[in-house]
Every structure is written in structure tokens, then in C-alpha cells.
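*Asks:* Next up is a structure, given as C-alpha cells.
In our numbering, the protein residues as written are 41 to 118.
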């Protein structure tokens, strides 16, 4: 990101993957954002998915510790 902050994120629906949303934007690292494990609503929502990775919330937050903020510049739905 230091060399090129332009990013694309692609999200699909959870059922069949037919509706895809593409978001383009400028990414920055947000050091002020708390650890994922320190956000109770996040842990509650994603606890099962984190467990499916063989992790607990604290280990997940340590492995995925760089908070990235994306300022959207363009969105496309396919």
C-alpha cells in the first residue's frame, strides 16, 4: 500500500455467489482502530468463522493485526 494505495475489494453473496460487488478506493492503515478482539460486537458476529479457521478471537486479532481503512471511489454491482 505504501507504493500504491489504490485497492479493489470484491464481495459476493453468501448463497450462490452470483451477485458480486466491486469496490475501488484508496487504502490507508488506521493505527487508531482497536484490535478485532477488543470489539465485542465483532467477536460475537464472527466467532464461528474465527473458530472455523482454528483460532480464538485473540489469535485472530494477532494474525490479522493491520487495520486498513478504504475510502471508496467507485462501486460496481455485477
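Ideal placement from N, C-alpha and C gives every residue a C-beta, glycine not left out. All of these numbers come straight from a predicted model, not from anything done at the bench.
1. Could you give the first and the last residue of the continuous alpha helix (DSSP H) run that contains residue 80?
2. Classify residue 76: buried if its beta carbon has 16 or more other beta carbons within 10 angstroms, exposed otherwise.
3. Please classify residue 117 as buried or exposed, where buried requires at least 16 neighbouring CB atoms within 10 angstroms.
4. Using the three-state DSSP reduction, which class does residue 112 fall into: helix, strand or coil?
5. Terminal residues of the continuous beta strand (DSSP E) containing residue 67?
6. Could you round the C-beta distance between residue 111 and residue 71 to whole angstroms and report it? I think they count as a contact, below 8 Å.
*Replies:* Inspection of the coordinates gives the following:
1. Where residue 80 is concerned, the enclosing alpha helix (DSSP H) stretches over 80-92.
2. Flag for residue 76 reads buried.
3. Only exposed fits residue 117, as fewer than 16 other CB atoms lie within 10 angstroms of its CB.
4. For residue 112, the secondary structure class from DSSP, reduced to helix, strand or coil, is strand.
5. Note, residue 67: beta strand (DSSP E), 60-69.
6. In fact, because the Cβ distance is near 16 Å, the residues do not count as touching under 8 Å.
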